[in-house]
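The structure appears below as structure tokens.
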Amino acid sequence: MSQQTLMAILIFAPLVGFFINGFRYKKHSAEVAGTIATGAAVISFISALLMVIDLIGLPAEERRISVQFFDWITIEKLKVVAGFTIDQISAIMVLVVTGVGSLIHLFSIGYMHHDEGVAKYFAYLNLFLFNMLLLILGDNLLVMFVGWEGVGLCSYLLIGFWFTDKQKATAGMKAFITNRVGDAAFLLGMFVLFLTFGTLNFQEINHLVPLTSELTWLAPITMGTLFLFIGATGKSAQIPLYVWLPDAMAGPTPVSALIHAATMVTAGVYMIVRLNPLFMAAPNTMMIIATIGGLTAVMAASIGLTQWDIKKVLAYSTVSQLGYMFLACGVGAFGAALFHLMTHAFFKALMFLGSGSVIHAMHEEQDIRKMGGLKKYLPHTYLTFLIGWLAIIGVPPFAGFFSKDEILWQAFHSPRGHWVFWAMGALGAVMTAFYMTRLMALTFWGESRFSKKIHPHESPMIMLIPLFVLAILSAIGGWIGIPHVISEILPGQPGNFLETWLEPMIKTVPGTEHAEPSLEWGLMGISVMLAAISAMTAYHFYVKDPSKPKKIAASLGKLYDVVYNKYYVDEGYFCGIINPLVRLSKGIWFYIDVNFIDKTTYVISDLVRGSGLFVRGIQNGNIQQYAMYIGLGVVATMTYVLMR
Amino acid sequence: MILSAVTFLPLIFALALAFWPNERTLRHLALGFAVIEFLASLAMLAQFDSSTAALQMVEKFPWIERFGISYFLGLDGLSLWLVLLTTFIMPIVLLGAWNAIENRVKGFLISVFVLQTAMIGTFLAMDAIFFYLFWELSLVPMYFMIGIWGGQRRIYATVKFFIYTMFGSVLMLIAIIYLMFLTQETLGTMSASILDFYKLKIPFVGGQFFTLQTLLFFAFALAFAIKVPVFPFHTWLPDAHVEAPTPGSVILAGVMLKMGTYGFMRWTIPLFPEASEYWAWLFMTVGVVGIVYGALVAMVQPDIKKLVAYSSVSHMGYILLGLFTFNHFGMSGSLYQMLNHGVSTGALFLLVGMIYERTHSREISKYGGLASVLPLFTIAFFVITLSSIAVPMTNGFIGEFLILLGSFKAEPAFAYVAVTGVILGAVYMLWMFKRVFFGEKGELVKDEHHPLHDLSLRELCVLAPMVLMVFWMGLFPNQFLDLSKASIDHLVNDRTNYQLVIKGQNDLGPETKTAAISTQKTGDAQ
Chain A
-17 MSQQTLMAIL IFAPLVGFFI NGFRYKKHSA EVAGTIATGA AVISFISALL
33 MVIDLIGLPA EERRISVQFF DWITIEKLKV VAGFTIDQIS AIMVLVVTGV
83 GSLIHLFSIG YMHHDEGVAK YFAYLNLFLF NMLLLILGDN LLVMFVGWEG
133 VGLCSYLLIG FWFTDKQKAT AGMKAFITNR VGDAAFLLGM FVLFLTFGTL
183 NFQEINHLVP LTSELTWLAP ITMGTLFLFI GATGKSAQIP LYVWLPDAMA
233 GPTPVSALIH AATMVTAGVY MIVRLNPLFM AAPNTMMIIA TIGGLTAVMA
283 ASIGLTQWDI KKVLAYSTVS QLGYMFLACG VGAFGAALFH LMTHAFFKAL
333 MFLGSGSVIH AMHEEQDIRK MGGLKKYLPH TYLTFLIGWL AIIGVPPFAG
383 FFSKDEILWQ AFHSPRGHWV FWAMGALGAV MTAFYMTRLM ALTFWGESRF
433 SKKIHPHESP MIMLIPLFVL AILSAIGGWI GIPHVISEIL PGQPGNFLET
483 WLEPMIKTVP GTEHAEPSLE WGLMGISVML AAISAMTAYH FYVKDPSKPK
533 KIAASLGKLY DVVYNKYYVD EGYFCGIINP LVRLSKGIWF YIDVNFIDKT
583 TYVISDLVRG SGLFVRGIQN GNIQQYAMYI GLGVVATMTY VLMR
Chain B
369 MILSAVTFLP LIFALALAFW PNERTLRHLA LGFAVIEFLA SLAMLAQFDS
419 STAALQMVEK FPWIERFGIS YFLGLDGLSL WLVLLTTFIM PIVLLGAWNA
469 IENRVKGFLI SVFVLQTAMI GTFLAMDAIF FYLFWELSLV PMYFMIGIWG
519 GQRRIYATVK FFIYTMFGSV LMLIAIIYLM FLTQETLGTM SASILDFYKL
569 KIPFVGGQFF TLQTLLFFAF ALAFAIKVPV FPFHTWLPDA HVEAPTPGSV
619 ILAGVMLKMG TYGFMRWTIP LFPEASEYWA WLFMTVGVVG IVYGALVAMV
669 QPDIKKLVAY SSVSHMGYIL LGLFTFNHFG MSGSLYQMLN HGVSTGALFL
719 LVGMIYERTH SREISKYGGL ASVLPLFTIA FFVITLSSIA VPMTNGFIGE
769 FLILLGSFKA EPAFAYVAVT GVILGAVYML WMFKRVFFGE KGELVKDEHH
819 PLHDLSLREL CVLAPMVLMV FWMGLFPNQF LDLSKASIDH LVNDRTNYQL
869 VIKGQNDLGP ETKTAAISTQ KTGDAQ
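Chains as they are written, first to last, in the numbering used here: chain A, -17 to 626; chain B, 369 to 894.
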């Protein structure tokens, strides 16, 4: 099969699935709709696998399969081709997305079994996958942008999937509009880059990037990358545009796993990694990215400490973990960012699906205060969730440990790094360990706190299989990127596969020095120790001494309220932007449009009418009056002539 | 012959309808006529030569020789798609209005066809007086359409519409007459041909308003600006739209507004290059103000139709912005956006009309939860919404992207403001969409005495071509833009000395002499 055909199958299989399920949107059978959709996803996955195998067969420097379908927009210098590329970076992403995507499709068959709109659900899910593939594989910024907005659209549709609930519909709208703010900046970024480089093609841009870094803020590359990064803060839920993601949990749980944890929200990170030579040339942008990433990691984790909704905890956790990825990008550790993106996709999808299994078992209950002791009711879900927990808090040798450790190390050691960035990351890790342990404790451990009427039941096999697979990946997925200091002491000294694989595509920060292994070991030890202490504290609080957290919360008083209420950011946006804008618009409409502009036209027409009335008054057909006008005229003329 | 046929066939159809005895088959006949007209325009498309910017298929006959006025029709890349838009939308309008117009059907159909001739004539006429005739003729049928078949305040709205647009065009007439006298002075014989107008070198003095080119420029620009309508001359539009019957709104938004933007492209910018360049900042400013202003006001409208009307103001702001960038991106984007707006806003008015026929209300607050009752209608409305807010893969994206890119290239400050329209567009459309289609069922939706029915086969046939065009134009813009490329390139590259020739007639004889007007003349004008 030619590569063109294979690429077409890879991309368009989900689109075909979308159309099939879209046309049978009234059907209720989850099995049929789910099989079609899952089949489409699996076909994509297999095609992706075949293409990556082809890719591996190529020499390292030429690992790139490009396929061009047609010329999309051609105007003067702007030549945008509907072209798609698999290279080292997109290969990882495409496998993660189609692989995890397939698993989540499968899970959905069980989860959405009783839903009336199941065909529609699977149609949207396939449409999402299609758009995600455009985003990943597009070989230029504009094709990426097609997918970029497309996934946002599917996210909107899926968050508001149960649209009769006004809150859910509003959450969908909020997600789309917040993303649009980012997208507008993305557009500006494209304009700057196009006018600078004369192309939007990734390979060409990366090739044209000058070797010297820009030092001023208003220089084109710095501005372009900053705009793109603002775009990324929308899609990848970073400060200040992260507010839509927690609300997005209104959608069905598998959607949260697929779109709002594993794939779509990582698009911003992916975009930056894709353009890493460009971002490298803009140190100012990099500094902003690292700072925003670090702050987001800490802030979101702190909110996660206080939430009671199982999905909200995971949502803030996602925001926080995305912060790590941006932190990594910002310090120039693009490989580490991609690595964490991948492991996070495994363990966060696992935990979201696990929470779906829990919610399913608890009859749509999401409040962790009303759970507890589910370990014995849901043994398989518990086991897999446990692995996810170990992975995210960074216990070696689970996946999260390797990627998070790599980020922390680079944040400290890279020439673009700083100990402050490391400290932010470590603080985030401490909080992550705490809230995740809290989540485990309140959900699975301790006493049952739900009513006797609920009999939690383990989920069916179709939902458990994806959990098992993701659990295995969460356990061993990190082994492809084992750092040198560890591999040195392991038997056989396995190489860092990921680093070697990405090496031709990732620019390294100039001036990186070789560091003492003892320093790396030391930092690693500190962060693992801190996380362990934090996790044990949480265990003590929520399992051994459940009254303690309340006391601490009470003693914190106002501070706790502020964090619990998410720092009142949503309220701030409403008071500061949205409400004034609506008031302003109403004012413009009433005062300017109706009462000024339109009134002015009336004044003009009244003037015309008035002068008409005046003239009409003069010529009223009354002879005596006319005689008087003549007389007056004669007198006036005479006066003028005589006085002159 | 083909251009005359495309222009005047509708007029003949109108006559035929006037004498058609059978009331019941009138609509069928009219639909058939509109389809024939569309096919005729396709034949015109098939003959089109995209390799040249010259006028094609020209028909030129002397008409009032003493004043150099001629029957002069010509086609190039600037008019091609607008003519096709007109002929494409007409059968859809007629099918869409099947039940919307119940009384005096014959009069209505005659108006539609007369209007079609007027609009196509406006796009094809290359003689100023001939052009002006069509331009003004278009007012009459629309005046009756709103005034007879409109809503409650139809008389108010239609008089406002008529007088407002008339006011602008009278100034244009004066300017046209002035230009004709100028041709007599510089070329020896009086001419109203646009080709001769292009040859005039009208003196321009920057910084002084009461100079010849500036005055003529504003006389033309005002006429077109009111038609577009450009902020702040837009207040006739919401009234006209709200009162107009659905087909009237569709034609008005879909095609008639483009007569204004087309006017800028064909007349104002190439005729007065220096003044256009000098005053570009003004038009770009009102363009971006229109974008933001229209969007903000649209956001708080309680009436769906008014919302769509104000969204038009916003969208037309983009077109104006793109035109005055004077680069390939902005100009192509504007031309494309004219077509997009015709499709998406036309479709939006059709959709609003469809729901109005069911519930007799357009108040957003009375709806809610429509999506669970009318799934097909919802899908159609959603697709058109996507087009309106310019989501990639729909037509709207191509236009907006090119215009924004063009304005960023010309003057980034305008692009920074205009890009907020991308956000605000999503805000007003999606907020409306949420209130109408999502949430609990509103009072009109749950009314058990009037259960709502989803789209009928007729309505599907009305919307399907629109939805098809949304994606076709979004996915394969080159198929459209390539045909206009030569003309746009010519306009952009040779704007300061713009000349048009007639295809196959490169030697225009003694007329080709271009002569500057004596400084004496300039002094007079001042």
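All residues carry an ideal CB built from backbone N, CA and C; glycine is no exception. Since this is a predicted model, take the numbers as computed values, not measurements.
Query: Alpha-carbon to alpha-carbon, B:Phe692 and B:Tyr661; Result: 19 Å
Query: Any chain B beta carbon closer than 9 Å to A:Gly142; Result: yes
Query: Within-9 Å CB hit, B:Glu960 to chain A; Result: Residue 960 of chain B falls outside the range modelled here, since chain B spans only 369 to 894, and no answer is possible.
Query: B:Val480 at chain A interface by Cβ criterion, 9 Å; Result: no
Query: Integer-rounded CB distance, given that A:Asn161 should sit under 8 Å from A:Gly134; Result: 4 Å
Query: Proximity test, Cβ basis, 9 Å: A:Gly132 and chain B; Result: yes
Query: Of the listed residues A:Asn3, A:Val24, A:Leu(-12), nearest to A:Val49 (C-alpha basis); Result: A:Leu(-12)
Query: B:Met633 vs B:Ser775 beta-carbon contact at 9 Å; Result: no
Query: Rounded Cβ spacing between B:Met706 and B:Lys595 (contact assumed at less than 8 Å); Result: Actually they do not touch by this definition, with Cβ atoms about 13 Å apart.
Query: 9 Å Cβ cutoff met for B:Ala608 and B:Lys528; Result: yes
Query: Min CB distance B:Ser506 to chain A below 9 Å; Result: no
Query: Beta-carbon separation (whole angstroms), B:Val656 vs B:Val785, contact threshold 8 Å; Result: 5 Å
Query: A:Leu60: contacting residues in chain B (beta-carbon distance under 9 Å); Result: His696, Phe697, Leu770, Leu773
Query: Nearest neighbour of B:Thr940, chosen from B:Gly721, B:Leu505, B:Val835, B:Val681 [CA to CA]; Result: In the structure displayed, chain B extends from 369 to 894; residue 940 of chain B sits before or after that span and is not available.
Query: A:Leu356 and A:Pro438 closer than 9 Å at C-beta; Result: yes
Query: Classification of A:Met(-17) by the beta-carbon crowding that lies within 10 angstroms, buried from 16 upward; Result: exposed
Query: Member of A:Pro228, A:Asn604, A:Glu481 whose CA lies at the smallest distance from the CA of A:Gln149; Result: A:Pro228
Query: Ranges of the alpha helix (DSSP H) found wholly within the region 513 to 589 of chain A, counting only runs of at least 4; Result: 530 to 538, 540 to 546, 551 to 555, 561 to 569
Query: Where B:Ser700 meets chain A, residues with beta-carbon distance less than 7 Å; Result: Ile57
Query: Below-9 Å beta-carbon distance, A:Thr204 vs any chain B residue; Result: no
Query: Reduced DSSP category for A:Glu131 - H, G, I as helix; E, B as strand; rest coil; Result: helix
Query: The region 575 to 592 of chain B touching the region 504 to 517 of chain B, judged by at least three CB pairs closer than 8 Å; Result: no
Query: Cutoff 9 Å: B:Lys626 Cβ touching any chain A Cβ; Result: no
Query: Segment contact, 8 Å Cβ cut-off, at least three pairs: the region 806 to 816 of chain B with the region 745 to 760 of chain B; Result: no
Query: Three-state secondary structure assigned by DSSP to B:Glu779; Result: coil
Query: Endpoints, beta strand (DSSP E) assigned at A:Asp53; Result: 46 to 57
Query: Buried versus exposed, by CB contacts within 10 Å (16 or more), A:Cys557; Result: exposed
Query: Nearest to B:Val426 (by Cα), restricted to the options B:Met412, B:Leu443, B:Asp417, B:Phe416; Result: B:Leu443
Query: Separation of A:Ile68 from A:Val34, as counted between CA atoms; Result: 8 Å
Query: Near-chain A residues of the region 657 to 676 of chain B - C-beta to any C-beta below 9 Å; Result: Tyr661, Ala663, Leu664, Val665, Ala666, Met667, Val668, Gln669
Query: Range covered by the alpha helix (DSSP H) that runs through A:Gln(-14); Result: -15 to 5
Query: Nearest-angstrom Cβ-Cβ length linking B:Leu450 and B:Tyr500, presumed shorter than 8 Å; Result: Not a contact, Cβ separation roughly 17 Å.
Query: Contact set between the region 830 to 860 of chain B and chain A, restricted to residues whose Cβ is under 9 Å from the partner; Result: Leu843, Phe844, Pro845, Asn846, Leu849, Asp850, Lys853, Ile856, Asp857, Val860
Query: Partner residues on chain A for B:Pro571, Cβ-Cβ distance less than 8 Å; Result: Here the premise fails: no neighbours, minimum Cβ distance about 31 Å.
Query: Through-space distance from B:Leu563 to A:Ile212, alpha-carbon basis; Result: 49 Å
Query: A:Val174 vs A:Ser84 beta-carbon contact at 9 Å; Result: no
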